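Accompanying notes for the structure given below.
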Amino acid sequence: MKHMGRAMVLLLLLAAACATIAAAGGARPGPPPTATLTPAVPAPWTLPSSNTPLSPPRAASPAALSVVWEKRFDNNGKADLAADIVETPDGDLVVVGVTGPTPCLLWCNTDGWIIKLNARGELLWARQIGSGQADSFNSVTLNGNHYWITGTRYVFPYGYQAWLLEMAPDGSVVWEKTFGGNQDEFVVETIPTPDGNFLMTGRTVSFGVQDGKGDVWLVKLNPNGEIIWSKTYDLGAEDGGTALTSWGPNRYILTADTCTADCRSILTPHVFASYLVLDANGNILKTQTFNEGPKNKFGSIIPTRDGGAVIVGGTSMQETFPSEDAWIVKLDANADVAWMRIFNSRGRYDGAYDIVQMPDGNYVVSAYSQVYQTPEMNFDNFWIMRLNSAGEDLWSRIWGGPDNDDPVSMIRTSDGGIVAVGFMDAVSWPLDKIPGPSDFYVIKMTDTQALFLPCVFRDFR
19 MKHMGRAMVL
29 LLLLAAACAT
39 IAAAGGARPG
49 PPPTATLTPA
59 VPAPWTLPSS
69 NTPLSPPRAA
79 SPAALSVVWE
89 KRFDNNGKAD
99 LAADIVETPD
109 GDLVVVGVTG
119 PTPCLLWCNT
129 DGWIIKLNAR
139 GELLWARQIG
149 SGQADSFNSV
159 TLNGNHYWIT
169 GTRYVFPYGY
179 QAWLLEMAPD
189 GSVVWEKTFG
199 GNQDEFVVET
209 IPTPDGNFLM
219 TGRTVSFGVQ
229 DGKGDVWLVK
239 LNPNGEIIWS
249 KTYDLGAEDG
259 GTALTSWGPN
269 RYILTADTCT
279 ADCRSILTPH
289 VFASYLVLDA
299 NGNILKTQTF
309 NEGPKNKFGS
319 IIPTRDGGAV
329 IVGGTSMQET
339 FPSEDAWIVK
349 LDANADVAWM
359 RIFNSRGRYD
369 GAYDIVQMPD
379 GNYVVSAYSQ
389 VYQTPEMNFD
399 NFWIMRLNSA
409 GEDLWSRIWG
419 GPDNDDPVSM
429 IRTSDGGIVA
439 VGFMDAVSWP
449 LDKIPGPSDF
459 YVIKMTDTQA
469 LFLPCVFRDF
479 R
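Those letters in the sequence shown? Residues 19 to 479, by our numbering.
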């Protein structure tokens, strides 16, 4: 789904955790543990008295969205970061991410965390699953009425492995598997394919050409989680897949980032973005690279109603490096660039995470912005904007507290609403190994003639 997409958020988290584990050593974990029920207690967010709107609400805009409900979920005081969401056939919501201790000292025991909500945002159950190493979930999709959840799991002595589990509606694990070689593999997204199978993408260090210690990795799986085929794509340096979508009959578009310098840095990596158009067997039909400026990163891609696609991410094309802006790239029905939009008047570090298309052809984008308008709005802030079909800004809101607040993934629901998930109050993100304390954050929105957000906001319409 997913300054970077949900993929890069969790990859950075895992990379930092890996460094501490490698330094400390460790033993190979035993048999995979059974799912552990860990109740999450929603903690309502009360607006601090010092937080006042930066400007009064304007007259209602036809493009405005209003909040239906918003919730936060805490796993017993841990650092909790939501990465993806899916709606179930019965209208419930499944949210996946990572949970870990705060602070992270010598041993970073992160686990995957899954919560299930009803359509009103009420908690039905929660599961914490992991090996006691550095594990996380970052993608969820449906396999019938079951949930396919993918992420990354640390397995000594190999390092990180792709991790896939199938979960029943009651939260019980049907089966789980890991994939990989003798080095690190990271998975960022899994999608269903028209033929009833699945595609999984990410980055591999074990396989491929390895010009830069990593290649884009694409794996096709059958409904039992068995590998049908696996491919790697070398883009010339340290490469990784970031998002994937079905596109037309038996075609896919895969987005990727390639780091060419300073790749371990949070703020100053030199990165270029690419997309690859693939046939049903993973063969490349077309590629396009964006290397203007030192930093261009793709976060998410969706097909559009006109037969094209749209990609979101972050770029420093129009900023002084390492600053970056939210970036939208629209592709036409031939997978050529139809238009690009860069939103460069918000904060110092901005970027888009995810996008959905509305029935009227407009778009809603989940993003983050470091606007630094008041002490109460430091670091990343939630940013939701609505664009017309040409990518022009119709309406937007930025809000948040003094710590990092990021809406990492977003979906349209069967009732016409929009649900975004991410995390709130990540104190140290992304400067330290594990952010915290932070909570899963889930907000449901809908079209309306008025907007109310119980927090600091700024209107940029």
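Idealized CB from N, CA, C, for every residue including glycine.
Note that the structure is predicted; figures quoted are calculated from it, not measured.
| Query | Result |
| --- | --- |
| Rounded Cβ spacing between Arg359 and Leu83 (contact assumed at less than 8 angstroms) | At roughly 19 angstroms, the Cβ-Cβ gap does not stay under 8 angstroms, so Arg359 and Leu83 are not in contact. |
| Three-state secondary structure (DSSP) of Glu256 | strand |
| Option nearest Ile416 by Cα separation, candidates Tyr381, Tyr386, Gly435 and Ile436 | Tyr386 |
| Nearest-angstrom Cα separation, counted from Gly169 out to Phe204 | 7 angstroms |
| Between the CA atoms of Asn362 and Leu252 - distance to the nearest angstrom | The question names Leu, yet the displayed sequence has Asp at residue 252. Their backbone Cα atoms lie some 31 angstroms apart in a straight line. |
| Rounded distance between the beta-carbons of Pro321 and Trp357, thought under 8 angstroms | The Cβ separation is near 16 angstroms, so there is no contact. |
| Whole-angstrom distance between Val223 and Glu310, CA atom to CA atom | 27 angstroms |
| Same chain only: Cβ atoms within 7 angstroms of Gly109, ignoring 5 sequence neighbours per side | Ala137 and Ser432 |
| Rounded separation between Pro241 and Asp102 - CA only | 20 angstroms |
| Phe308, enclosing beta strand (DSSP E) - first and last residue | Ile302 to Phe308 |
| Nearest residue (CA-CA) to Gly95, options Val114, Gly118 and Glu105 | Gly118 |
| Identified DSSP bridge partners for Val86 | Per DSSP, none; premise fails for Val86. |
| CB contact flag (Ile209, Leu160, <8 angstroms) | no |
| Whole-angstrom distance between Thr106 and Asn163, CA atom to CA atom | 7 angstroms |
| Inter-residue CB distance, Gly418 and Phe441 (contact presumed, cutoff 8 angstroms) | 11 angstroms between Cβ atoms; not a contact. |
| Whole runs of the alpha helix (DSSP H) within the stretch 382-442, excluding any shorter than 4 residues | none |
| Contact set for Leu182: own chain, Cβ-Cβ below 6 angstroms, skip 5 residues either direction | Thr168, Lys195 and Gly243 |
| Limits of the unbroken beta strand (DSSP E) element including Asp372 | Asp368 to Gln375 |
| Other residues of its chain near Gly332: CB distance less than 6 angstroms, five sequence neighbours each side excluded | His21, Lys315, Glu342, Trp345 and Gly369 |
| Presumed contact (8 angstroms Cβ cut-off) between Gly326 and Lys348, rounded CB distance | 6 angstroms |
| Secondary structure of Arg138, DSSP reduced to three states | coil |
| Residue(s) in a DSSP beta bridge with Leu285 | According to DSSP, Leu285 bridges with nothing at all. |
| Inter-residue spacing [alpha-carbon to alpha-carbon] between Lys89 and Val437 | 11 angstroms |
| According to DSSP, residues forming a beta bridge with Ser157 | Thr168 |
| Contact set for Lys231: own chain, Cβ-Cβ below 7 angstroms, skip 5 residues either direction | Val223 and Glu256 |
| Enclosing beta strand (DSSP E) for Arg323 [first to last residue] | Per DSSP, Arg323 belongs to no beta strand (DSSP E) and is neither H nor E. |
| Straight-line gap, Phe339 to Val192 (C-alpha atoms, nearest Å) | 47 angstroms |
| Exposed unless 16 or more other CB atoms sit within 10 angstroms - verdict on Arg282 | exposed |
| Buried versus exposed call for Ala97 [16 or more other C-beta atoms within 10 Å across all chains shown] | buried |
| With 16 other Cβ atoms within 10 Å as the buried cut-off, status of Ile452 | Residue placement at Ile452 is poorly supported in this model, since its pLDDT is 44, which falls under 50; the coordinates still yield a value, given next. So Ile452 ends up on the buried side. |
| Whole-number beta carbon distance between Asp280 and Thr286, since they are thought to touch under 8 angstroms | 5 angstroms |
| Distance, Arg171 Cα to Asn156 Cα | 11 angstroms |
| Where Val227 falls, given that 16 or more other Cβ within 10 Å makes a residue buried | exposed |
| Beta strand (DSSP E) runs contained entirely in the stretch 175-202, provided each spans 3 or more residues | 177-185 and 191-197 |
| For Leu142, the nearest candidate out of Leu111, Gln151 and Trp166 (CA to CA) | Leu111 |
| Pairwise C-alpha distance: Ala180 and Gly198 | 6 angstroms |
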